[in-house]
């Protein structure tokens with residue numbers, strides 16, 4: 001009886017040990033996002049990246065949990081603290097620059113937890129904080145070049161959120177892309193002062209059309225409104241952050257897709273080797289973190305495709321600099 | 334840059350469109366407040382109206398079970414019913430249970446915000462568009478220069494919203510029901526002594542408020558934007574509550590406040606589009622600053638209903 005009991009106890013310990021070892025092999029990420037994971041924009045791009053990593057590494061090796069629609073920063077602080085204190089996650093992501101102060105505070109308190117936040121170039125000088133951004137000016141420039149070739153009225157409209165970060169970079173890149181083709185084309189830009197005010201973004205798009213625009217573009221999660229305006233008025237749409245071809249029907253042209261998995265995989269590798277932070281990452285066309293995707297319903301001519309390919313090649317090689325006088329001071333959503 | 338570049342017909346048309354959801358929601362809130370019920374849950378009711386109205390249209394159009402006009406009327410009906418139910422819930426909490434109106438209103442708002450998000454995630458997923466109310470083309474009138482673009486180029490719900498302004502004013506000022514509403518909001522004890530059921534009147538006005546809030550939401554999701562996204566209203570319900578104070582609890586001035594706020598918003602968009610050298614932060618702030626300034630003067634001009642926010646208990 002004693003032998004059976006001893007074998008049983010031994011079995012339990014071995015099983016527990018194996019389970020523990022197996023759990024240690026699983027890399028866990030917790031990510032906080034300001035909007036819905038299906039916003040066709042900023043938050044969805046991060047969610048898609050995490051899902052892509054899970055598909056690549058397998059569910060047995062990679063798990064992630066997400067809290068979306070956390071636009072109230074105080075709520076975000078609670079979630080981030082819980083995740084950091086739980087010790088269950090090797091990496092805690094705060095996907096939005098508004099969460100920066102919270103990350104700075106928590107990273108100082110939980111020094112053995114790795115944090116990542118963006119989009120901004122600032123690790124607060126801490127060894128357990130990664131920061132990241134996207135060179136959205138590159139996709140903006142690309143879209144601007146194509147828009148300049150497609151406009152018939154010579155007026156294009158852009159609806160942006162707040163005049164900082166990704167949105168600002170995209171707008172500047174877009175305007176420069178248009179100007180590189182024809183400086184006479186008017187690029188009307190409206191920053192509505194909100195990432196989420198769909199009604200106002202919708203009306204901004206209507207205002208663009210009333211002022212002669214025949215092509216619209218924009219960034220952030222409130223662009224679903226302008227896309228609807230573009231569809232209703234049959235004008236072309238250029239997007240950013242994530243693919244919007246499902247909503248844009250047959251008026252979408254090209255989308256700049258953020259592939260955050262490019263930098264996340266590198267962070268995971270670093271963390272496994274004990275490097276918890278201290279680095280800044282940037283998605284670019286060159287490193288594959290930015291990908292230009294064409295709407296499947298848009299028929300792009302061979303001539304325009306050649307121009308598009310040339311533009312991407314020029315940006316990747318450095319021959320084209322979307323914002324020549326840009327300082328390395330990204331801040332973002 | 335001349336004034337003719339800024340004050341175009343499209344700016345006025347834009348202001349009319351922007352004002353539509355505010356007018357629906359603020360008129361409904363006017364009824365509730367005139368009877369003594371402060372409903373801070375308007376935004377939540379708008380969100381539920383926006384989602385359910387959108388979803389009804391989405392289902393009907395996807396399944397091709399109804400013609401397009403019928404699907405849109407179904408969307409309006411669903412939004413009205415859902416808004417009415419939320420209004421009844423608000424009335425039950427604030428009138429029957431006599432809970433603090435501010436707190437219960439916030440509760441209703443959070444309920445509407447959360448439930449509309451949840452249902453959207455579960456039933457729809459990603460943003461999808463529907464064929465919403467089309468713009469009405471009036472023979473001859475739509476083609477009139479300037480006037481045509483400003484007044485005769487909108488969808489049906491825009492005209493319904495503006496038509497409700499004189500109707501609301503008439504109901505409040507010239508009908509027995511309106512007299513009861515005003516009496517209950519001003520002096521519920523006296524109204525009760527005259528045989529008016531304070532609770533029944535407040536239930537009615539809060540339900541009307543809920544219906545119009547639901548319609549306000551639907552005006553966004555199936556008429557002006559034609560899709561739904563989480564938190565689609567972006568706080569418009571709270572601005573509608575402020576507009577009731579701005580308008581001194583009178584439908585005409587409430588609507589005028591909605592138009593002023595929307596006009597400044599449309600103007601700031603136009604100014605930015607044509608590239609005026611004004612910092613975008615100032616332009617974004619302008620509608621709110623002007624509304625606050627106007628609110629300061631408006632609240633001095635009109636006395637609020639004496640019994641506003643006060644639960645009524647016979648004999649107290």
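Protein chains in written order, with the numbering used here: chain A, 1 to 333; chain B, 334 to 649.
Glycine included, C-beta positions come from ideal geometry on N, C-alpha and C.
None of the values given here were measured: they were computed from a predicted structure.
Within 10 angstroms of the Cβ of residue 403 of chain B, are there 16 or more other Cβ atoms? Answer buried if so, exposed if not. As a position in the second chain, residue 403 of chain B is number 70, starting the count at 1. Classification of residue 403 of chain B: exposed, given that the 10 Å Cβ count is below 16.
Would you report the Cα separation of residue 422 of chain B and residue 410 of chain B, rounded to the nearest angstrom? Position 89 of the second chain, counted from the start, is the residue given in the question as residue 422 of chain B. Position 77 of the second chain, counted from the start, is the residue given in the question as residue 410 of chain B. Computed Cα separation, rounded: 18 Å.
Grab me the residues of residue 225 of chain A's own chain with a C-beta within less than 6 Å of its C-beta, minus the 5 sequence neighbours each way, in chain order. As a first step, residue 225 of chain A is located in the first chain; it is residue number 225 there, counting from the start. Cβ within range, chain order: 198, 201 and 202.
Kindly identify the DSSP beta-bridge partner or partners of residue 301 of chain A. In the first chain, the residue the question calls residue 301 of chain A occupies position 301. The partner list for residue 301 of chain A (beta bridge, DSSP) is empty, contrary to what the question assumes.
Name the chain A residues that come within less than 7 Å of residue 366 of chain B, Cβ to Cβ? Numbered from its first residue, the second chain carries residue 366 of chain B at position 33. None at all; the shortest Cβ gap to chain A is about 24 Å.
Put residue 241 of chain A into one of helix, strand or coil per three-state DSSP. Stepping through the first chain from its first residue, residue 241 of chain A is reached at position 241. If DSSP states are grouped into helix, strand and coil, residue 241 of chain A belongs with the strands.
Closest to residue 596 of chain B by C-alpha separation, out of B:551, B:351, B:337 and B:549, would be which residue? Taking the second chain and counting its residues from 1, one reaches residue 596 of chain B at position 263. Ranking B:551, B:351, B:337 and B:549 by Cα distance to residue 596 of chain B puts B:351 first.
On the three-state DSSP scale, how would you describe residue 292 of chain A? Here residue 292 of chain A refers to the residue found at position 292 of the first chain. Reduced to three states, the DSSP call for residue 292 of chain A is strand.
Any idea what DSSP makes of residue 63 of chain A, helix, strand or coil? Translated into positions along the first chain, residue 63 of chain A becomes position 63. Here residue 63 of chain A sits in strand by DSSP.
Cβ neighbour criterion (16 or more within 10 Å) applied to residue 101 of chain A: Start at 1 with the first residue of the first chain, and residue 101 of chain A comes out as number 101. Per the 10 Å Cβ criterion, exposed.
Select from the region 216-240 of chain A all residues with a C-beta closer than 9 Å to any C-beta belonging to chain B, and list them in chain order. 221, 222, 224, 225, 227, 228, 229, 231 and 232
For residue 60 of chain A and residue 50 of chain A, I'd like the C-alpha separation in whole angstroms. Here residue 60 of chain A corresponds to residue number 60 of the first chain, with the count starting at 1. Here residue 50 of chain A corresponds to residue number 50 of the first chain, with the count starting at 1. Distance between the alpha carbons of residue 60 of chain A and residue 50 of chain A: 14 Å.
Out of B:460, B:387 and B:492, point me to the one whose CA is closest to residue 36 of chain A's CA. Here residue 36 of chain A refers to the residue found at position 36 when the first chain is read from its first residue. Comparing Cα-Cα distances from residue 36 of chain A to each of B:460, B:387 and B:492, the minimum goes to B:460.
Three-state secondary structure (DSSP) at residue 514 of chain B? The sequence position of residue 514 of chain B within the second chain is 181, counting from 1. Note: residue 514 of chain B maps to helix in three-state DSSP.
Hey, residue 132 of chain A and residue 281 of chain A are a contact pair by Cβ (cut 8 Å); roughly how many whole angstroms apart? Position 132 of the first chain, counting from 1, holds the residue named residue 132 of chain A. Position 281 of the first chain, counting from 1, holds the residue named residue 281 of chain A. With a Cβ gap of about 4 Å, residue 132 of chain A and residue 281 of chain A count as contacting.
Under a CB-based cut-off of 8 Å, is residue 606 of chain B close to chain A? Numbered from its first residue, the second chain carries residue 606 of chain B at position 273. Yes, because at least one Cβ of chain A sits closer than 8 Å to the Cβ of residue 606 of chain B.
With 8 Å as the limit, tell me which residues of the region 194-219 of chain A have their beta carbon closer than that to any beta carbon of chain B; keep them in chain order. 194, 196, 197, 198, 199, 200, 202, 203, 204, 206, 207, 208, 210 and 211
With which residues is residue 283 of chain A paired in a DSSP beta bridge? Taking the first residue of the first chain as position 1, residue 283 of chain A is located at position 283. The partner list for residue 283 of chain A (beta bridge, DSSP) reads A:134.
With hydrogens ignored, establish whether the beta-carbon of residue 494 of chain B is closer than 7 Å to any heavy atom of the ligand NAD. By its list of ligands, the structure shown contains no ligand whatsoever, and the ligand NAD lies outside what it can speak to.
Per-residue contacts from residue 190 of chain A into chain B (C-beta, under 7 Å): Counting from 1 along the first chain, the entry for residue 190 of chain A is found at position 190. By Cβ distance, chain B contributes 602, 605 and 606.
Report all residues from its chain with a CB closer than 6 Å to the CB of residue 543 of chain B; omit the five preceding and five following residues, and keep chain order. Counting from one through the second chain, the residue named residue 543 of chain B turns up at place 210. Once the five neighbours on either side are set aside, the close Cβ partners of residue 543 of chain B are 378, 416, 417, 419 and 420.
Nearest residue (CA-CA) to residue 528 of chain B, options B:516, B:538, B:536 and B:539: Residue numbering aside, residue 528 of chain B sits at position 195 when the second chain is read from its first letter. That would be B:516, whose Cα lies nearest to the Cα of residue 528 of chain B.
List the residues of chain B that residue 247 of chain A touches, going by C-beta distances under 9 Å, in chain order. In the first chain, residue 247 of chain A corresponds to position 247, counting from 1. By Cβ distance, chain B contributes 459, 460, 461, 462 and 560.
Any beta carbon from chain A within less than 8 Å of residue 520 of chain B's own beta carbon? As a working mapping, residue 520 of chain B is identified with position 187 in the second chain. So, not an interface residue.
Burial state of residue 213 of chain A, where buried means 16 or more other Cβ atoms lie within 10 Å: Taking the first chain and counting its residues from 1, the one referred to as residue 213 of chain A is at position 213. With 16 or more Cβ atoms within 10 Å of its Cβ, residue 213 of chain A is classed as buried.
Helix, strand or coil for residue 21 of chain A? Go by DSSP, reduced to three states. The residue labelled residue 21 of chain A in the question sits at position 21 within the first chain. Residue placement at residue 21 of chain A cannot be trusted, given a pLDDT of 46 that sits under 50; what the coordinates show is reported in the next sentence. The answer is helix: DSSP assigns residue 21 of chain A an H, G or I state.
For residue 621 of chain B, which three-state DSSP category applies? Position 288 of the second chain, counted from the start, is the residue given in the question as residue 621 of chain B. If DSSP states are grouped into helix, strand and coil, residue 621 of chain B belongs with the helices.
Taking 7 Å as the limit between beta carbons, can you name the residues of its chain near residue 344 of chain B, skipping five residues before and five after? To locate residue 344 of chain B, count along the second chain from 1; it is residue 11. Hits under 7 Å: 599, 600 and 603.
Determine which residues of the region 65-83 of chain A have a Cβ less than 7 Å from any Cβ of chain B, and write them out in chain order. 69
Per-residue DSSP class, three states only, for residue 601 of chain B: Along the second chain, read from residue 1 onward, the residue named residue 601 of chain B stands at position 268. Of the three classes helix, strand and coil, the one that applies to residue 601 of chain B here is helix, per DSSP.
Quick one: residues in its chain with C-beta nearer than 6 Å to the C-beta of residue 624 of chain B, no 5 flanking neighbours on either side, listed in chain order? Here residue 624 of chain B refers to the residue found at position 291 when the second chain is read from its first residue. Closer than 6 Å at Cβ, skipping near neighbours: 594.
Quick one: does residue 36 of chain A have its CB under 8 Å from some CB of chain B? On the first chain, residue 36 of chain A is found 36 positions in, with the first residue counted as 1. Yes - at least one Cβ of chain B is within 8 Å of the one on residue 36 of chain A.
By Cβ distance, which residues of its chain are closer than 6 Å to residue 316 of chain A, with the 5 residues on each side in sequence left out? For the purposes of this step, residue 316 of chain A is taken as residue 316 along the first chain, with counting starting at 1. Result list for residue 316 of chain A: 285 and 286, in chain order.
With DSSP collapsed to three states, give me the class of residue 257 of chain A. To locate residue 257 of chain A, count along the first chain from 1; it is residue 257. DSSP places residue 257 of chain A in strand when its eight states are reduced to three.
Rounded to a whole number of angstroms, what is the C-alpha to C-alpha distance between residue 640 of chain B and residue 362 of chain B? For the purposes of this step, residue 640 of chain B is taken as residue 307 along the second chain, with counting starting at 1. For the purposes of this step, residue 362 of chain B is taken as residue 29 along the second chain, with counting starting at 1. Approximately 15 Å between the Cα atoms of the pair.
Minimum C-alpha distance to residue 466 of chain B - residue among B:381, B:407 and B:475: To locate residue 466 of chain B, count along the second chain from 1; it is residue 133. The shortest Cα separation from residue 466 of chain B among B:381, B:407 and B:475 belongs to B:407.
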